[in-house]
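In terms of the UniProt record's numbering, the sequence shown opens at residue 1 and continues consecutively.
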Amino acid sequence: MNSRQGDDMREIRRGRETGTLGKLMTLVDLVALSDRPMRFTDILSLSDQPRGTLHRQLSHLVEEGLLEIDRDGCYLPGIRLLSLASRSWARNEFRTVAEPHLRLLQAQTGETVHLGVLRGTEVIYLDKVEGRQSVRMYSQIGNASPAYCTGVGKAALSALDDTSFGARVAGLEFHAYTEHTHRSLADLRADIEAIRRRGCAFDREEHESGICCVAAPIYSDDNDMLAGVSVTGPAYRVTPGKLEEWAPLVKAAAAAIMQDMHSRLGPRR
C-alpha cells in the first residue's frame, strides 16, 4: 500500500457516518477505489474495525455481490456494483447533455477534460475525455477527490453562498497532498472568493504534483446540483499562460452545459 493510496483511503472515511451502513459503504469504497486488488491485511490497516468485525462485514458484502474474492484471496469490486452502475449511468441525463460540450472543449485544447459533481466535500468524476497525449493521473470516472484541492471541486464550491459554503466545509481536515495544497480554511476561503470574482478555478499542482487545470462551475437554479468542468494536463504543457488562455473556453463550456440543461429539463425549483 503506497502512501498516496493510504492518503486517499483516509479521505474516504472523513465525514462518513458511523452507522452500520456507513461502515459497510466505506469498505466498498476502499476496495472499489484501490488501484489493485486488496488483501484482508491491506483493508485492516486502513480500517478502524476489529479483525473479527471486519471479517464479518467483508463476508456479508461478498454474499451480497458488492465485493468478490479472487483466487489469491484478494478483494475486488463485485459484479453487482457494475450492474447498479450501468443502470445509474444509463439514466444520467446530466452527463448526456454535457458530453458534446466536453468533446468540443477537448478538441479546442487538446488536453484532458473532466466533468465532476460535488458530493459533500468531495468531487465525483462523472465523465472524462482523454487528451491527445494521455497522461497518467488519479482521476477516473467514478473516483472521488477532495474538493478543496481540485479545480472541479473548487469551482463547484464557489457556486455556494457564504452560509452554505461555511456549513459545507465546517470541520474539514486539510491534508497536504503536495506543497501547493491549501493548509487551512482561511486559505481555501480566500481562493474561493477569487474564483467567484473571475468565474474560474485554477489547480496548480494542488492535488497531484505535475498536474494543473482550469475549471468553471456548473449549477442549477437552486444550487441543488453543483458541478464543474475542467481542462487538465501536465504542468510542463499546461503553463500559467495556457490556463489563462483556456479559462474563457472552459467558462463557455460550463455556460453551454447549464443552458442545455435548463432547456431540456426546465428550471429546477
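Even for Gly, the Cβ is constructed at its ideal location relative to N, Cα and C.
Quick one: Cα of residue i to Cα of residue j, how far?
i: ALA255; j: PHE174; result: 31 Å
i: ARG196; j: LEU30; result: 34 Å
i: ARG237; j: LEU126; result: 25 Å
i: LEU81; j: LEU66; result: 6 Å
i: ALA252; j: VAL129; result: 17 Å
i: MET38; j: PRO248; result: 43 Å
i: SER59; j: ARG51; result: 12 Å
i: PHE94; j: MET261; result: 7 Å
i: GLY19; j: ARG56; result: 15 Å
i: GLN140; j: LEU33; result: 9 Å
i: HIS101; j: SER209; result: 28 Å
i: ARG36; j: LYS23; result: 21 Å
i: ASP72; j: ALA144; result: 27 Å
Return the Cβ separation of residue i and residue j in integer angstroms, given the expectation that the two are a contact with Cβ distance under 8 Å.
i: VAL250; j: ALA215; result: 6 Å
i: ALA156; j: ALA98; result: 14 Å between Cβ atoms; not a contact.
i: residue 270; j: LEU61; result: Shown here, the chain extends from 1 to 269; a query on residue 270 therefore has no answer.
i: SER158; j: ILE192; result: 5 Å
i: LEU185; j: LEU172; result: 7 Å
Which word fits residue i, buried or exposed, when buried means at least 16 other C-beta atoms lie within 10 angstroms of its C-beta?
i: GLU64; result: exposed
i: ILE79; result: exposed
i: ALA167; result: exposed
i: GLN106; result: buried
i: SER263; result: exposed
i: LEU84; result: exposed
i: GLN259; result: exposed
**Message:** Under 8 Å: do the region 236-244 and the region 112-127 share three or more Cβ pairs, one atom per stretch?
**Reply:** no
**Message:** For the structure I just gave you, are there three or more beta carbon pairs, one from the region 223-242 and one from the region 204-214, closer than 8 Å?
**Reply:** yes
**Secondary structure, beta strand (DSSP E): runs of 3+ residues fully inside the region 98-152** = 112-119, 122-129 and 144-146
**Asked** Does the region 184-203 come within contact of the region 144-153, defined as at least 3 CB pairs closer than 8 Å?
**Response** yes
**Prompt:** Do the region 173-189 and the region 104-116 make contact, defined as three or more Cβ pairs closer than 8 Å?
**Reply:** no
**Request:** Pick out the complete alpha helix (DSSP H) segments inside the region 22-60, 4 residues or longer, and give them in chain order.
**Result:** 40-46
**Message:** Just to confirm the assignment: which complete beta strand (DSSP E) runs, minimum length 3, are found wholly within the region 177-213?
**Reply:** 201-204
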